[in-house]
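Quick mapping for you: the protein sequence lines, in order, are chains A and B.
Numbering-wise, the first sequence is residues 42 to 366 according to the working numbering.
Numbering-wise, the second sequence is residues 42 to 366 according to the working numbering.
Glycine included, each C-beta is placed from N, C-alpha and C at the ideal position.
Since this is a predicted model, take the numbers as computed values, not measurements.
Accompanying notes for the structure given below.
Protein chains: 2
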Amino acid sequence: MPPDTPSLSWERIAAARERIAGKVTLTPVLSSSSLNELCGAQLYFKCENFQKCGAFKARGASNAVFALPDEVARRGVVTHSSGNHAAALARAARLRGIPAYIVMPDNTVQVKRAAVSRYGAEITYCEPTLAARERAAQALQDSTGAVLVHPYDNLDVMAGQATAAVELLEAVPELDLILCPVGGGGLLGGTAVAARKLKPAIRVVGVEPEGADDAARSLRAGHIVTGVKPNTIADGLRGLLGVHPFAVIRTHVADIDTVSDAAITDAMRRLWEVLKIVVEPSGAVPYAAVAAGALEVRGRRVGLILSGGNLDLDALPWMQPVRHA
Amino acid sequence: MPPDTPSLSWERIAAARERIAGKVTLTPVLSSSSLNELCGAQLYFKCENFQKCGAFKARGASNAVFALPDEVARRGVVTHSSGNHAAALARAARLRGIPAYIVMPDNTVQVKRAAVSRYGAEITYCEPTLAARERAAQALQDSTGAVLVHPYDNLDVMAGQATAAVELLEAVPELDLILCPVGGGGLLGGTAVAARKLKPAIRVVGVEPEGADDAARSLRAGHIVTGVKPNTIADGLRGLLGVHPFAVIRTHVADIDTVSDAAITDAMRRLWEVLKIVVEPSGAVPYAAVAAGALEVRGRRVGLILSGGNLDLDALPWMQPVRHA
Numbered sequence: 042m043p044p045d046t047p048s049l050s051w052e053r054i055a056a057a058r059e060r061i062a063g064k065v066t067l068t069p070v071l072s073s074s075s076l077n078e079l080c081g082a083q084l085y086f087k088c089e090n091f092q093k094c095g096a097f098k099a100r101g102a103s104n105a106v107f108a109l110p111d112e113v114a115r116r117g118v119v120t121h122s123s124g125n126h127a128a129a130l131a132r133a134a135r136l137r138g139i140p141a142y143i144v145m146p147d148n149t150v151q152v153k154r155a156a157v158s159r160y161g162a163e164i165t166y167c168e169p170t171l172a173a174r175e176r177a178a179q180a181l182q183d184s185t186g187a188v189l190v191h192p193y194d195n196l197d198v199m200a201g202q203a204t205a206a207v208e209l210l211e212a213v214p215e216l217d218l219i220l221c222p223v224g225g226g227g228l229l230g231g232t233a234v235a236a237r238k239l240k241p242a243i244r245v246v247g248v249e250p251e252g253a254d255d256a257a258r259s260l261r262a263g264h265i266v267t268g269v270k271p272n273t274i275a276d277g278l279r280g281l282l283g284v285h286p287f288a289v290i291r292t293h294v295a296d297i298d299t300v301s302d303a304a305i306t307d308a309m310r311r312l313w314e315v316l317k318i319v320v321e322p323s324g325a326v327p328y329a330a331v332a333a334g335a336l337e338v339r340g341r342r343v344g345l346i347l348s349g350g351n352l353d354l355d356a357l358p359w360m361q362p363v364r365h366a
Numbered sequence: 042m043p044p045d046t047p048s049l050s051w052e053r054i055a056a057a058r059e060r061i062a063g064k065v066t067l068t069p070v071l072s073s074s075s076l077n078e079l080c081g082a083q084l085y086f087k088c089e090n091f092q093k094c095g096a097f098k099a100r101g102a103s104n105a106v107f108a109l110p111d112e113v114a115r116r117g118v119v120t121h122s123s124g125n126h127a128a129a130l131a132r133a134a135r136l137r138g139i140p141a142y143i144v145m146p147d148n149t150v151q152v153k154r155a156a157v158s159r160y161g162a163e164i165t166y167c168e169p170t171l172a173a174r175e176r177a178a179q180a181l182q183d184s185t186g187a188v189l190v191h192p193y194d195n196l197d198v199m200a201g202q203a204t205a206a207v208e209l210l211e212a213v214p215e216l217d218l219i220l221c222p223v224g225g226g227g228l229l230g231g232t233a234v235a236a237r238k239l240k241p242a243i244r245v246v247g248v249e250p251e252g253a254d255d256a257a258r259s260l261r262a263g264h265i266v267t268g269v270k271p272n273t274i275a276d277g278l279r280g281l282l283g284v285h286p287f288a289v290i291r292t293h294v295a296d297i298d299t300v301s302d303a304a305i306t307d308a309m310r311r312l313w314e315v316l317k318i319v320v321e322p323s324g325a326v327p328y329a330a331v332a333a334g335a336l337e338v339r340g341r342r343v344g345l346i347l348s349g350g351n352l353d354l355d356a357l358p359w360m361q362p363v364r365h366a
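Written out as structure tokens, the structure reads:
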């Protein structure tokens with residue numbers, strides 16, 4: 042990152058908070074005495090699975106869309122994503138009454154297509170490679186004048202994501218530690234800046250799937266490590282660490298732990314059973330670190346950002362669909 | 042029922058409310074704009090899946106246990122149940138510091154045994170017939186002096202279950218209609234007495250699986266219909282209508298609708314997908330009536346008692362477990 046690249050500031054987060062109030066859900070914080078007993082800590086789950094569109098992505102997308110000046114916004118927004126950011130951007134664009142152009146790989150499952158088209162976005166399909174997605178998104182920008190809203194390497198998106206941590210610390214000010222999933226780093230970066238501003242002594246730790254550990258490696262190396270080929274059940278965490286997120290993560294994040302896909306599956310299932318909530322694999326990653334003993338939490342007050350609840354109920358990791366002959 | 046059998050009174054419900062405050066969870070009421078759009082009504086889900094022990098049964102069991110005089114309570118409580126009432130009674134007994142004796146069929150699944158034994162109850166196994174269960178429960182009463190707490194044919198249990206409807210109407214006073222699942226009738230009977238006291242013009246409608254429709258038949262016949270052999274996926278609703286519940290249901294309940302197991306499964310799945318909460322089949326029964334169009338709700342404000350969230354995640358109706366060769 043060039044030295045003059047702007048960094049995520051607290052002021053941008055505070056502005057995001059005001060801007061998206063009423064456009065996203067103030068999600069609940071859940072806790073469970075049986076989960077607390079199991080690990081000897083006090084766990085507080087910030088339930089972004091109850092967020093609009095089923096994930097924290099509604100925060101960043103809403104902030105980025107409503108931060109645009111009128112003359113830019115009117116031409117619309119573009120992104121290339123098959124996941125929660127695409128639906129969140131489509132929703133935010135509809136709220137503002139501007140066009141949204143979404144590039145999706147042509148192998149995207151029906152449920153994700155439907156999540157985007159219900160908000161009236163225009164979908165462009167392309168081959169399932171990053172190069173094809175970027176080409177298609179560039180072509181759309183050129184032909185429509187719409188602006189790209191990157192899913193995480195964007196300061197307004199990061200500032201929006203940070204508002205989950207702000208709400209969590211308002212609900213539970215005495216936290217010692219916040220655990221946050223990390224994919225591209227937008228949520229972790231935002232969380233870290235917000236949490237350390239509100240409570241300088243707090244520890245913010247990222248948790249990443251072993252099969253997509255580019256952020257953990259990058260934090261150790263001191264620069265963004267390339268060449269990682271993500272392979273994990275946590276489909277929301279396959280993005281590669283962004284430049285803007287890394288700039289704040291390297292300053293404010295104490296550590297990034299990794300967990301196996303088996304630990305993620307076990308953790309997700311236990312959250313369903315005990316909390317009675319539907320959590321997607323990516324959302325279960327912070328609790329997986331606690332349940333698998335990947336970090337010491339005994340006696341601590343721990344906030345966990347439970348990032349989303351969107352998944353295909355026909356493809357649960359411990360089950361397969363019933364086939365009728 | 043002999044004419045001098047006491048009926049469930051509002052005073053008993055009001056006493057229950059005070060007695061169990063702090064011993065059970067004041068559960069949230071959820072709503073969803075997309076579910077509302079689908080049916081053209083305003084739906085309010087009273088989420089008893091977030092209740093202690095994962096079901097409304099914690100209310101009735103707590104009230105019944107804490108309503109006992111000291112000299113009776115000290116000898117303990119007995120029930121024969123393999124379901125949510127057993128765990129709820131075990132928990133209430135532990136809260137009061139008295140023994141709980143639970144009779145269970147010897148084919149009870151492990152997860153239900155564990156739910157009871159975690160509260161320190163003494164489990165007696167018997168053959169999986171109603172006669173064997175009743176015999177074993179009677180033997181325990183004779184040998185220990187403990188008192189039977191029936192899962193639904195008990196006025197203090199019913200009064201406890203009624204507190205869910207009281208909370209729902211406090212949260213959403215303008216309801217036109219309340220939909221409530223019906224098995225033995227404890228929840229429906231309590232709901233009906235409470236709702237009609239608080240809002241005399243409200244309609245209270247029961248919803249029952251087609252394969253366990255003894256309450257619907259009894260309401261039509263004007264007497265308790267016997268001989269129904271329950272066969273439904275909604276395992277919490279296989280109980281046969283009780284005498285005390287029927288006495289108030291016939292007065293206060295407008296109608297009892299029935300829904301198929303396929304409609305229950307579809308409704309449960311949609312609640313998971315949209316509300317991001319884990320609901321058991323029995324808990325999805327009221328929404329199944331709405332989603333399947335079994336009753337007219339357009340333009341109404343409808344409360345739905347979402348009774349619980351306990352189920353075996355290895356036995357979801359649309360999935361089968363992965364088998365490793």
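Going by CA-CA distance only, name the one from the options that's closest to residue i.
i, options, result
"Gly252/B", "Leu239/B, Thr273/B, Val234/B and Asn90/B", "Thr273/B"
"Gln182/A", "Leu260/A, Ala212/A and Ala141/A", "Ala141/A"
"Ala212/B", "Ala288/B, Leu76/B and Cys88/B", "Cys88/B"
"Leu357/B", "Leu316/B, Val223/B and Asp307/B", "Asp307/B"
"Arg237/B", "Lys270/B, Val198/B, Asn195/B and Val289/B", "Val289/B"
"Arg279/A", "Ser122/A, Gly334/A and Ala133/A", "Ser122/A"
"Asn90/A", "Leu347/A, Glu59/A and Leu354/A", "Leu347/A"
"Ala133/A", "Val106/A, Val248/A, Tyr193/A and Ser158/A", "Val106/A"
"Val343/A", "Leu67/A, Trp359/A and Asn77/A", "Asn77/A"
"Leu312/A", "Asp355/A, Ala187/A, Gln92/A and Leu84/A", "Leu84/A"
"Ile243/B", "Gly201/B, Val294/B, Ala205/B and Ala203/B", "Val294/B"
"Ser184/A", "Gly340/A, Val119/A, Ala329/A and Gly263/A", "Val119/A"
"Val326/B", "Asp254/B, Lys317/B and Gly101/B", "Asp254/B"
"Thr68/B", "Leu282/B, Val269/B, Ala206/B and Gly263/B", "Ala206/B"
"Phe86/B", "Val300/B, Ile219/B and Thr267/B", "Ile219/B"
"Arg310/A", "Leu71/A, Tyr193/A, Pro110/A and Trp359/A", "Trp359/A"
"Val319/B", "Ala187/B, Pro286/B and Gly95/B", "Gly95/B"
"Lys317/A", "Gly201/A, Val113/A, Arg53/A and Ser75/A", "Ser75/A"
"Arg339/A", "Asp217/A, Pro47/A and Gly138/A", "Asp217/A"
Which first and last residues belong to the beta strand (DSSP E) in which residue i is found?
i, result
"Asp296/B", "Asp296 to Val300"
"Gly231/A", "Counting along the chain, Gly231/A falls outside any beta strand (DSSP E), though it belongs to the alpha helix (DSSP H) covering Gly227 to Leu239."
"Pro146/B", "Ala141 to Pro146"
"Ile164/A", "Glu163 to Cys167"
Taking Cβ positions, are residue i and residue j nearer each other than 8 angstroms?
i, j, result
"Ile297/A", "Leu260/A", "yes"
"Ser323/B", "Ala256/B", "no"
"Gly227/B", "Val198/B", "yes"
"Met145/A", "Tyr166/A", "yes"
"Ala330/A", "Val300/A", "yes"
"Thr66/B", "Lys98/B", "no"
"Ala235/A", "Ala262/A", "no"
"Arg116/A", "Gly231/A", "no"
"Leu130/A", "Val246/A", "no"
Can you tell me where the alpha helix (DSSP H) holding residue i begins and where it ends?
i, result
"Gly268/B", "Gly268/B -> no alpha helix (DSSP H), and no H or E assigned at all."
"Leu220/A", "Leu220/A -> not in any alpha helix (DSSP H); beta strand (DSSP E) instead, spanning Leu218 to Pro222."
"Pro110/A", "Where Pro110/A is concerned, there is no enclosing alpha helix (DSSP H), given that its DSSP letter is neither H nor E."
"Ala335/A", "Counting along the chain, Ala335/A falls outside any alpha helix (DSSP H), and DSSP gives it neither H nor E."
Which residues in chain B sit within 7 angstroms of residue i, going by Cβ to Cβ distance?
i, result
"Ile370/A", "Outside the modelled stretch of chain A, which goes from 42 to 366, sits residue 370/A, for which no answer is possible."
Can you name the residues of chain A whose CB is closer than 9 angstroms to the CB of residue i?
i, result
"Phe86/B", "Near Phe86/B there are no residues of chain A at all, since even the closest Cβ is about 12 angstroms away, more than 9 angstroms."
"Arg310/B", "Leu354"
Please list, in chain order, the chain B residues whose beta carbon lies closer than 8 angstroms to that of residue i.
i, result
"Gly95/A", "Lys317"
"Trp313/A", "Val319 and Leu354"
Going along chain A in order, which residues have a C-beta closer than 8 angstroms to the C-beta of residue i?
i, result
"Gly350/B", "Lys317"
"Asn90/B", "Lys317"
Would you list the one or two residues that DSSP bridges to residue i?
i, result
"Gly349/A", "Ala96/A"
"Leu62/A", "It should be noted that the sequence gives Ala, not Leu, for residue 62/A. Per DSSP, Val65/A."
"Arg342/A", "Gln83/A"
"Gln361/B", "Gln361/A"
"Pro250/B", "Val300/B"
"Thr120/A", "Ile143/A"
"Leu71/A", "Phe86/A"
"Ile318/B", "Ile318/A"
"Val245/B", "Ile219/B"
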